[in-house]
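See below for the structure under consideration.
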Amino acid sequence: VDEKDIGKIAGASWTLMVLTAIISNYTIGSYLKVFTPERLTQVAEIGGLVALGVGLVAVLGVERRNAEIGKGKEKHSLPFSQAIRLLASSPNTMLFALYIFISIFALFANEVVMDPFGAEVFGMPVSATTKLFKPVMGGTQLIFMLLTGFLLSRIGARRGAYFGNVFGALGFGLIIAAGFMHDVHFLRIALVVTGIGLGAASVSNITMMMSMTAGRSGIYMGLWGTAQSLAIFIGHSSAGVIRDLVYHFSGNHMLAYAAIFALEIVAFTASSLVLPHVSREAFEAESAEKLSEFTPAAEMA
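Structure, rendered in structure tokens:
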């Protein structure tokens, strides 16, 4: 992939993912307009089977095609133990992994609490929350993922990430304000602002992940993917824990969700503070130096 096209590819692929989520949420919301536990169970069962089927079809033949295309492009591989030692002894690599963790945490921690937030703070039924949060916030995110993806070759991934972080932090601040005001119209505005931030930040960060490989995509994309998956897991888990703990001690639903959104604001701010210290040039120089130490041993093995 040409480097100038990475942003476009990241934007297009993530746009499809968000678009699928929007369509799914809207469809589920329509089906659950008459809510029963049995219908909710049916949604979970059918949704799981559809996801499994689509996933299996999507991966058919992928490894064979990629093996033919990438033959000879990747340098000699390192054993797993040496790859771990390489990563542990590379400060710039670990710094970028930390940046990815914080950024993805900020982007995804809200996912599991938005619908309960609408239900418990605004008194919305399931059919209303599924047609509000993902279509409005996700729809705006989708648009700005596409726009940012096509503009990254001009503005750069770093500026795109800063732009996304600012709007993301501002958006969650507005969501907190909307919750305390109990104003649904203001909430819609807040969701649009948040969607702008999520769209710009997600594509910018994925683009940086794809470009920070130093010719070792297997090693480094594996690390970035691990940091991303760990951040999503901890973000989802911690959001639920924070919601339950704050509500247990305060008895106030809005305070519980405000604590989660405030944590995301902190994460967006921390991401912006770490980003200036991330240097692709320093990363690649460090990677070349470290790989020169490990590669001879790997070839002898």
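Under this note's numbering, the residue at position 27 of the sequence shown is numbered 63, and the numbers go up by one with no gaps.
Glycine included, every Cβ here is placed at the ideal spot set by N, Cα and C.
These numbers were taken from a predicted model, which means no experiment stands behind them.
**Message:** Can you tell me whether Glu322 is helix, strand or coil according to DSSP?
**Reply:** Residue 322 sits at position 286 when you count from the first residue of the sequence shown. DSSP places Glu322 in helix when its eight states are reduced to three.
**Message:** Below 8 Å, how does it come out for the segment 73 to 84 and the segment 192 to 206: are there three or more Cβ pairs, yes or no?
**Reply:** Contact fails: fewer than three Cβ-Cβ distances are below 8 Å.
**Message:** With three or more beta-carbon pairs closer than 8 Å as the criterion, would you say the segment 238 to 249 touches the segment 146 to 162?
**Reply:** no
**Message:** Within a Cβ cutoff of 6 Å, which residues of the same chain sit near Thr129, ignoring the five residues on either side of it in sequence?
**Reply:** Taking the sequence shown and counting its residues from 1, one reaches residue 129 at position 93. Counting only Cβ-Cβ distances below 6 Å, and skipping sequence neighbours, we find Leu123.
**Prompt:** Just to confirm, are Leu178 and Gly235 a CB contact at a threshold of 9 Å?
**Reply:** The residue labelled residue 178 in the question sits at position 142 within the sequence shown. The residue labelled residue 235 in the question sits at position 199 within the sequence shown. Cβ atoms of Leu178 and Gly235: closer than 9 Å.
**Prompt:** What is the rounded straight-line gap between the Cα of Ser238 and the Cα of Glu325?
**Reply:** Locating residue 238 in the sequence shown gives position 202, counting from the first residue. Locating residue 325 in the sequence shown gives position 289, counting from the first residue. Rounded to the nearest angstrom, the two C-alpha atoms are 30 Å apart.
**Asked** For the candidate residues Val93, Ala145 and Asn61, whose alpha-carbon lies nearest to that of Ile296?
**Response** The residue labelled residue 296 in the question sits at position 260 within the sequence shown. Checked all of Val93, Ala145 and Asn61; the closest Cα to Ile296 is Ala145.
**Message:** Suppose the cutoff is 8 Å on Cβ atoms and the five residues either side in sequence are ignored; what does the same chain contact list for Ala321 look like?
**Reply:** For the purposes of this step, residue 321 is taken as residue 285 along the sequence shown, with counting starting at 1. Contacts found: none.
**Prompt:** Would you call Met336 buried or exposed, if buried means 16 or more other Cβ atoms sit within 10 Å of its Cβ?
**Reply:** Taking the sequence shown and counting its residues from 1, the one referred to as residue 336 is at position 300. In this prediction, Met336 scores a pLDDT of 48, lower than 50, which makes its location untrustworthy; the coordinate-derived value is nonetheless stated afterwards. It counts as exposed.
**Item:** Arg195 versus Phe269: straight-line alpha-carbon distance, rounded
**Value:** Along the sequence shown, one-based indexing puts residue 195 at 159. Along the sequence shown, one-based indexing puts residue 269 at 233. So the two alpha carbons sit approximately 27 Å from each other.
**Asked** Between which two residues does the alpha helix (DSSP H) containing Thr305 stretch?
**Response** Start at 1 with the first residue of the sequence shown, and residue 305 comes out as number 269. Unbroken alpha helix (DSSP H) run through Thr305: His289 to Val310.
**Request:** With a threshold of 16 other CB atoms inside 10 Å of the CB of Glu300, please say whether the residue is buried or exposed.
**Result:** Counting from 1 along the sequence shown, the entry for residue 300 is found at position 264. Label assigned to Glu300: buried.
**Request:** Thinking Val157 and Gly215 are a contact (beta carbons under 8 Å), I'd like their distance in whole angstroms, please.
**Result:** Numbered from 1 along the sequence shown, position 121 holds the residue referred to as residue 157. Numbered from 1 along the sequence shown, position 179 holds the residue referred to as residue 215. Going by Cβ atoms, the distance from Val157 to Gly215 rounds to 5 Å, so yes, they are a contact pair.
**Item:** Run of the alpha helix (DSSP H) containing Gly154, from where it starts to where it stops
**Value:** Locating residue 154 in the sequence shown gives position 118, counting from the first residue. Run containing Gly154: Met150 to Phe158, per the alpha helix (DSSP H) assignment.
**Contact set for Glu110: own chain, Cβ-Cβ below 6 Å, skip 5 residues either direction** = Here residue 110 corresponds to residue number 74 of the sequence shown, with the count starting at 1. Note on Glu110: pLDDT 49, under 50, position unreliable in the model; the coordinate value appears next. Within the same chain, Glu110 has no close Cβ partners at all.
**Request:** Go through its chain and collect everything with a Cβ distance to Tyr198's Cβ below 8 Å, but skip five positions before and after it.
**Result:** The residue labelled residue 198 in the question sits at position 162 within the sequence shown. Same-chain partners within the cutoff: Ser308 and Leu311.
**Prompt:** Looking at the unbroken alpha helix (DSSP H) that takes in Phe338, where does it start and where does it end?
**Reply:** Summary: the structure shown does not reach residue 338, with the chain confined to residues 37 through 337, and so no result is reported for it.
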